[in-house]
Amino acid sequence: MFSINKFLKDIFGFYIRFESLFETNTEMSNKEIYLEPFLDDELIVFQNVFTLMDPAYNTSEIKPIMLSIPKSMRSKMKSAIGRPSQSSLSNNQNGNANNATIGGNAGLSSVLNKGRLLVSSTLTNKINNDNTNSNANTNNNNDTNHGNSKRQHNDENSSSRPVQQTNIGNEYHVTLDPIIERFIEDDQQFWLTPVPSKRTASFHLLIEKNKTNTQFKLFFDTTKQFLMRATLDGSSFNDNLTVFIKQSQQYHITSLYDGSSDCYFATLSENGKRPTEFCAAKFTKQNVFDLFIPALKKNKETGKSYMAPIAFGGLKSTLLEKFNEGSHESIKIQSRANDGTNVDLTFSGRFITNDPTNFILYHKSNQNKDIISCGPTDDTGYYMLNISYPMNTIQGFFAAIAAHLTNA
Numbered sequence: 037m038f039s040i041n042k043f044l045k046d047i048f049g050f051y052i053r054f055e056s057l058f059e060t061n062t063e064m065s066n067k068e069i070y071l072e073p074f075l076d077d078e079l080i081v082f083q084n085v086f087t088l089m090d091p092a093y094n095t096s097e098i099k100p101i102m103l104s105i106p107k108s109m110r111s112k113m114k115s116a117i118g119r120p121s122q123s124s125l126s127n128n129q130n131g132n133a134n135n136a137t138i139g140g141n142a143g144l145s146s147v148l149n150k151g152r153l154l155v156s157s158t159l160t161n162k163i164n165n166d167n168t169n170s171n172a173n174t175n176n177n178n179d180t181n182h183g184n185s186k187r188q189h190n191d192e193n194s195s196s197r198p199v200q201q202t203n204i205g206n207e208y209h210v211t212l213d214p215i216i217e218r219f220i221e222d223d224q225q226f227w228l229t230p231v232p233s234k235r236t237a238s239f240h241l242l243i244e245k246n247k248t249n250t251q252f253k254l255f256f257d258t259t260k261q262f263l264m265r266a267t268l269d270g271s272s273f274n275d276n277l278t279v280f281i282k283q284s285q286q287y288h289i290t291s292l293y294d295g296s297s298d299c300y301f302a303t304l305s306e307n308g309k310r311p312t313e314f315c316a317a318k319f320t321k322q323n324v325f326d327l328f329i330p331a332l333k334k335n336k337e338t339g340k341s342y343m344a345p346i347a348f349g350g351l352k353s354t355l356l357e358k359f360n361e362g363s364h365e366s367i368k369i370q371s372r373a374n375d376g377t378n379v380d381l382t383f384s385g386r387f388i389t390n391d392p393t394n395f396i397l398y399h400k401s402n403q404n405k406d407i408i409s410c411g412p413t414d415d416t417g418y419y420m421l422n423i424s425y426p427m428n429t430i431q432g433f434f435a436a437i438a439a440h441l442t443n444a
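Each number in this note's numbering corresponds to the 1-based position in the sequence shown with 36 added.
What follows is the structure, encoded as structure tokens:
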């Protein structure tokens with residue numbers, strides 16, 4: 037049943053609630069919203085000061101931009117600002133980062149006063165003014181220092197300088213390959229083992245001539261004793277050759293020359309056993325030769341490669357004969373000097389002299405790779421002898437000797 041009292045009560049209550057809500061919204065709309073300065077994104081200025089902090093303070097995974105500077109560190113950092121750090125001194129000497137360093141310190145000083153790395157705009161003018169003054173002072177100091185250093189440099193130029201002298205074995209320094217160095221030191225018979233694959237063994241060859249003989253000395257490190265030495269009683273293929281190898285006195289090397297084939301070859305004997313041929317140089321013209329070496333075999337127990345034994349056949353080279361017969365036991369390494377007429381014996385500047393004793397040999401399977409090369413690369417008096425796989429050291433040494441002999 038309809039009740040007028042209930043109806044008026046409902047209408048009146050709704051009106052009161054609606055009016056209260058309207059008054060509340062009106063009151064909120066009339067209020068002015070205030071923001072704290074450090075929460076106003078328009079006033080925040082990011083200063084690039086965290087890059088100037090000592091790295092010791094930047095070891096956390098949380099970067100300094102996310103942190104406030106601890107109070108215990110503020111006094112230390114303030115005192116650090118007063119004196120230049122080692123890195124700042126380095127930058128001042130280079131003259132590249134002076135403005136950034138000085139200006140950054142001024143900004144950092146202002147930030148330290150607030151104890152945080154986010155600086156409100158009220159500090160911006162002060163920081164800019166400090167930076168401007170500091171930059172002006174720095175530029176003046178740089179001009180003064182530059183003038184002083186320039187005068188000092190001129191004074192040094194006017195003074196006498198010591199003349200650089202070439203002292204064989206003492207002044208010549210090269211970077212030694214540690215792998216080749218271990219290869220030599222770990223095995224007394226390294227000279228019989230092929231050079232490690234994908235490496236190049238660089239040796240220094242010293243040639244000393246006098247009226248009676250010619251000496252060839254092979255060094256890996258010129259500050260140490262030679263690895264092997266050969267003495268030739270003269271300068272021709274028919275002269276007697278004596279080879280001394282450090283810590284390998286049980287081996288005996290003999291050289292022979294076959295005039296009919298113009299081939300100079302060498303044999304190796306251990307403790308008086310039957311000699312084997314390890315190298316042969318077949319000359320195509322004066323000082324130009326192709327080299328023949330034994331093929332390699334592998335020791336199944338040690339995994340190391342060694343020269344296939346080529347029996348000494350008498351007065352003729354067995355290696356040359358086997359190659360001519362098509363045997364795979366003999367490998368031919370040919371000279372780049374045979375690749376054309378009027379060959380540049382500096383080989384495009386590889387060597388400093390156009391000497392006919394310079395040579396580079398390669399295998400036909402890869403014409404871009406040098407197997408062995410020899411020639412002077414500087415004025416120290418040494419020849420640079422570079423040997424690569426599959427050759428060993430004694431074969432390279434013998435090839436270098438053959439290049440300096442004549443058939444007279």
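Using N, Cα and C, we set each Cβ at its ideal position, and we do this for glycine too.
- CA-to-CA, the gap between residue 215 and residue 223 works out to about 13 Å.
- With respect to the C-alpha of residue 352, the residue from 376, 405, 420, 298 having the closest C-alpha is 298.
- For residue 307, the CB contacts under 6 Å within the same chain, skipping 5 residues up- and downstream, are 286 in chain order.
- Under the DSSP definition of a beta bridge, residue 313 partners with 303.
- C-alpha of residue 413 to C-alpha of residue 359: approximately 33 Å in a straight line.
- Close CB contacts of residue 373 within its chain, under the 6 Å cut and outside five residues either way in sequence, are with 324, 379 (chain order).
- Residue burial annotation: residue 313 is buried, with at least 16 other C-beta atoms found within 10 angstroms of its C-beta.
- In this structure, residue 392 lies away from residue 355, with their beta-carbon atoms at least 8 Å apart.
- Cβ-Cβ distances below 8 Å link residue 332 to 230, 341, 342, 343, 344, 426 in the same chain, with the five nearest sequence neighbours on each side left out; the list follows chain order.
- Uninterrupted alpha helix (DSSP H) stretches at least 4 residues long and entirely within the segment 333 to 394 occur at 354 to 360, given in chain order.
- Counting along the chain, residue 229 sits inside no beta strand (DSSP E), nor does DSSP assign it H or E at all.
- Boundaries of the alpha helix (DSSP H) around residue 429: 429 to 439.
- DSSP, reduced to helix, strand and coil, places residue 235 outside both helices and strands of the structure shown, so it counts as coil.
- In the same chain as residue 418, and ignoring 5 residues on each side of it, the C-beta atoms closer than 6 Å to its own belong to 240, 242, in chain order.
- Buried is the label assigned to residue 440, since at least 16 other Cβ atoms lie within 10 Å of its Cβ.
- Excluding residues up to 5 positions away in sequence, 236, 238, 409 lie with their Cβ nearer than 6 Å to the Cβ of residue 422 in the same chain.
- Within the DSSP secondary-structure output, residue 330 pairs in a beta bridge with 366.
- The C-alpha of residue 428 is placed about 15 Å away from the C-alpha of residue 317.
- Assignment of residue 216 by DSSP, reduced to helix, strand and coil, places it in the helix class.
- In this structure residue 431 is buried. Its beta-carbon is surrounded by 16 or more other beta-carbon atoms within 10 angstroms.
- A direct Cα-Cα distance of roughly 32 Å separates residue 348 from residue 246.
- Listed in chain order, the beta strand (DSSP E) runs fully inside the segment 270 to 303 are 277 to 281, 287 to 294, counting runs of at least 3 residues.
- Pairing residue 402 with residue 369, the inter-Cα distance amounts to about 11 Å.
- Distance from the CA of residue 249 to the CA of residue 293, rounded to the nearest whole angstrom, comes to 18 Å.
- For residue 251, the enclosing beta strand (DSSP E) stretches over residues 250 to 255.
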